Amino acid sequence: AQSVTQLGSHVSVSEGALVLLRCNYSSSVPPYLFWYVQYPNQGLQLLLKYTTGATLVKGINGFEAEFKKSETSFHLTKPSAHMSDAAEYFCAVSPSSGSARQLTFGSGTQLTVLP
Amino acid sequence: DTAVSQTPKYLVTQMGNDKSIKCEQNLGHDTMYWYKQDSKKFLKIMFSYNNKELIINETVPNRFSPKSPDKAHLNLHINSLELGDSAVYFCASSQASVYEQYFGPGTRLTVT
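Protein chains in written order, with the numbering used here: chain A, 236 to 350; chain B, -11 to 100.
Given below as structure tokens:
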């Protein structure tokens, strides 16, 4: 079984400061990893994904994440926060093989950006 | 232009009623999903269909029944609604060879 832990249900940063959202996973085999963002009253939008290859992946809106197998982590970062980054962020994993590719989500991190 | 659409966006109904939520995707994907997001924003898979065949059926009450008339549609029918069914339901789709899922805007179901 796979599981995802997001440390910190709420994170506040000042505009222009570094954003760091933490995600650790548990899986018997390396899974595929995703970060999604949810703005208020909207659906989920894919920020970035890791499947294979380069462990540092870049996504939309200036976000990036690094897959660290030894630490079973996939933390999300952005060098400089914007007010528009305020949203709920979800880390998710899916099996890397088989026909069942359901996403298992973390509990989410609410990002607040302070002016 | 909408990739994954759901109707209705809001649904308010009384306990005991039967309701349906519709989902359509125009991405040509072969797999569709239903997720439930509870009041604490926790997201959990409910069902998955691949080429109209049910491949994931998590532990949900059998009052919930998905139906896939074709690859582009996956509807969710709920019988005898209960207060605990109040949540936001998201439809998603993906292509087997490409792993990310695309989500619809969600349907907020409120049971009174």
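Built from N, CA and C at the ideal position, the CB exists for glycine as well. All figures in this text were calculated on a predicted structure; none of them were measured in a lab.
Are the CB atoms of residue j and residue i within a distance shorter than 8 angstroms?
i, j, result
"Ser8 (chain B)", "His65 (chain B)", "yes"
"His317 (chain A)", "Val348 (chain A)", "yes"
"Ser68 (chain B)", "Thr98 (chain B)", "no"
"Val196 (chain A)", "Tyr267 (chain A)", "The structure shown has nothing for residue 196 (chain A), since chain A only spans 236 to 350."
"Lys313 (chain A)", "Phe325 (chain A)", "no"
"Gln89 (chain B)", "Leu253 (chain A)", "no"
"Ala300 (chain A)", "Leu311 (chain A)", "yes"
"Leu(-8) (chain B)", "Gln13 (chain B)", "Per the sequence presented here, residue -8 (chain B) reads as Val, with Leu not at that position. For Val(-8) (chain B) and Gln13 (chain B), yes; Cβs fall inside 8 angstroms."
"Arg96 (chain B)", "Val76 (chain B)", "yes"
"Asn259 (chain A)", "Thr240 (chain A)", "yes"
"Gly251 (chain A)", "Ser315 (chain A)", "yes"
"Asn63 (chain B)", "Lys(-3) (chain B)", "no"
Can you tell me whether DSSP reads residue i as helix, strand or coil?
i, result
"Leu283 (chain A)", "strand"
"Leu71 (chain B)", "helix"
"Ser305 (chain A)", "helix"
"Met318 (chain A)", "helix"
"Asn276 (chain A)", "coil"
Check for me: the beta strand (DSSP E) holding residue i runs from which residue to which?
i, result
"Tyr271 (chain A)", "267 to 273"
"Glu12 (chain B)", "7 to 13"
"Ile43 (chain B)", "41 to 45"
"Asn50 (chain B)", "Element bounds for Asn50 (chain B): n/a, residue is neither H nor E."
"His17 (chain B)", "Element bounds for His17 (chain B): n/a, residue is neither H nor E."
"Phe91 (chain B)", "86 to 91"
"Lys32 (chain B)", "31 to 38"
"Asn63 (chain B)", "61 to 66"
"Leu229 (chain A)", "Given that chain A is displayed from residue 236 to residue 350, the structure contains no residue 229 (chain A) and the question cannot be resolved."
"Thr261 (chain A)", "Note on residue identity: the sequence assigns Ser, not Thr, to residue 261 (chain A). Looking at the DSSP string, the run of the beta strand (DSSP E) that includes Ser261 (chain A) is 254 to 261."
Between the segment 10 to 17 of chain B and the segment 79 to 87 of chain B, do at least 3 Cβ pairs fall closer than 8 angstroms? Proximity of the segment 10 to 17 of chain B to the segment 79 to 87 of chain B meets the contact definition, three or more beta-carbon pairs being nearer than 8 angstroms.
For the segment 30 to 44 of chain B, which residues have a CB atom closer than 8 angstroms to at least one CB atom of chain A, in sequence order? Phe30, Leu31, Lys32, Ile33, Ser36, Asn38, Ile43, Ile44
Can you list, in chain order, the residues of the segment 60 to 87 of chain B whose Cβ is nearer than 7 angstroms to any Cβ on chain A? Phe78, Ser82, Tyr87
Can you find at least 3 beta carbon pairs, one from the segment 337 to 345 of chain A and one from the segment 283 to 302 of chain A, that sit closer than 8 angstroms? no
Tell me which residues of the segment -1 to 26 of chain B have at least one Cβ-Cβ distance to chain A shorter than 9 angstroms, keeping chain order. Thr19, Tyr21, Tyr23, Gln25
According to a CB-to-CB cut-off of less than 9 angstroms, which residues of the segment 270 to 297 of chain A neighbour chain B? Tyr271, Gln273, Asn276, Gln277, Gly278, Leu279, Gln280, Leu281, Lys284, Thr286
So if I threshold CB-CB distances at 7 angstroms, which residues from the segment 318 to 332 of chain A count as touching chain B? Glu323, Phe325, Ser329
Residues of the segment 241 to 274 of chain A in Cβ contact with chain B at a cutoff of 7 angstroms, in chain order, please. Tyr267, Phe269
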